[in-house]
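Residue numbers (our numbering): 35 to 300. Glycine residues also receive a C-beta, built at the ideal position from the N, C-alpha and C atoms.
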Ligand code: IPE
Ligand code: IPE
Ligand code: MG
């Protein structure tokens, strides 16, 4: 048993015991961590303060996900569209990510968390890419929760990258274009070993996808939460998982097939 690292312990030791969830947790949860800027602005703080607070929220949610038994947690940290933000905010975020990886990875590693990075190298500061790759290497053998960081990630770019590599392999003769199916396409995604998303959560009351995991969310359940991301914690995660557990996932079929009436049998 590893002693809890200070950054891993719950925010409040007076939290009531969590209610049982009643059914199997979602295997893969994806979160759009939105609302950092509004959180800061509403307190008269610079937007950067919201991003710093958002990083602490993520740690609590990671610990909560492990408690619940979620196997894969994928979080949207920086989108390909976020390059359109003011340069100072972009720079702040890049530094926050680099320092965050350095200061948090040992604790996460000690808890068996495997960290993955999904995104493009282009435009990222090389020092950040170095930290991302070092973190992936350090935690590669871990068998606990997989935490996938989508950083400089855009789902359309991921699909375009996949299409390009599929076309290259077909031209080179190592792939039969006529035999292409969805499983083959999935093998060309950034992290082909991640399963489809079961539960998609977005904070801050926004109800849009913003170019996040379009392929992987084909059959995800969506839960939108009003809390701004820095206020989001493991209890919000638990509530979202409880909402998920109450959904009826039919995947295009029916749960309770009725015999067809005689007239419809043909
Ligand atoms: C999400 O919070 C963090 C990133 C996109 C990096 P926002 O920064 O989008 O916060 P709001 O939406 O402006 O409140
Ligand atoms: C999505 O949030 C990206 C991240 C959380 C990293 P945004 O705040 O950037 O997305 P929009 O602008 O609401 O679509
Ligand atoms: Mg936002």
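Strand pairing of residue 149, partner residues [DSSP]: Translated into positions along the chain shown, residue 149 becomes position 115. BP columns for residue 149 point to 181.
Distance CB(residue 70)-CB(residue 88) smaller than 7 Å: If you number the chain shown from 1, residue 70 lands on position 36. If you number the chain shown from 1, residue 88 lands on position 54. Taking 7 Å as the Cβ cut-off, residue 70 and residue 88 qualify as a contacting pair.
For residue 155, the three-state DSSP class (helix, strand or coil): Position 121 of the chain shown, counted from the first residue, corresponds to residue 155. Looking at residue 155 - three-state DSSP - the assignment turns out to be coil, as it is neither helix nor strand.
According to DSSP, residues forming a beta bridge with residue 64: Position 30 of the chain shown, counted from the start, is the residue given in the question as residue 64. 108, 234, per the DSSP bridge assignment.
Cβ neighbours of residue 147 in the same chain (closer than 8 Å, five flanking residues each side left out): The residue labelled residue 147 in the question sits at position 113 within the chain shown. Result list for residue 147: 96, 100, 173, 176, 178, 179, 180, 181, in chain order.
Ligand 2 heavy atom lying under 6 Å from the CB of residue 116: As a first step, residue 116 is located in the chain shown; it is residue number 82 there, counting from the start. Residue 116: yes, Cβ under 6 Å from ligand 2.
Residue 284 burial status per 10 Å Cβ neighbour count (16 or more: buried): Translated into positions along the chain shown, residue 284 becomes position 250. Classification for residue 284: exposed.
Contact test: residue 68 Cβ vs ligand 2 heavy atom, cutoff 6 Å: As a working note, residue 68 is residue 34 in the chain shown. Yes, since a heavy atom of ligand 2 falls inside the 6 Å radius drawn around the Cβ of residue 68.
Per-residue DSSP class, three states only, for residue 19: Shown here, the chain extends from 35 to 300; a query on residue 19 therefore has no answer.
Residue 208 CB to nearest heavy atom of ligand 2 below 6 Å: Walking along the chain shown from the start, residue 208 turns up at place 174. No.
Sequence-distant residues of its chain with Cβ nearer than 7 Å to residue 280 (five each side left out): Here residue 280 is taken as the residue at index 246 of the chain shown, counted from 1. Within the same chain, residue 280 has no close Cβ partners at all.
Any non-hydrogen atom of ligand 2 within 6 Å of residue 266 CB: Locating residue 266 in the chain shown gives position 232, where the first residue counts as 1. For ligand 2, not one heavy atom lies less than 6 Å from the Cβ of residue 266.
Contact the segment 217 to 226 vs the segment 195 to 207: 3+ CB pairs below 8 Å: yes
Buried versus exposed, by CB contacts within 10 Å (16 or more), residue 137: What you label residue 137 is simply residue 103 of the chain shown in a count that begins at 1. The residue in question, residue 137, is exposed, as its Cβ has fewer than 16 Cβ neighbours within 10 Å.
Strand pairing of residue 113, partner residues [DSSP]: Along the chain shown, one-based indexing puts residue 113 at 79. 187, per the DSSP bridge assignment.
DSSP-derived helix/strand/coil call for residue 257: Taking the chain shown and counting its residues from 1, the one referred to as residue 257 is at position 223. Of the three classes helix, strand and coil, the one that applies to residue 257 here is strand, per DSSP.
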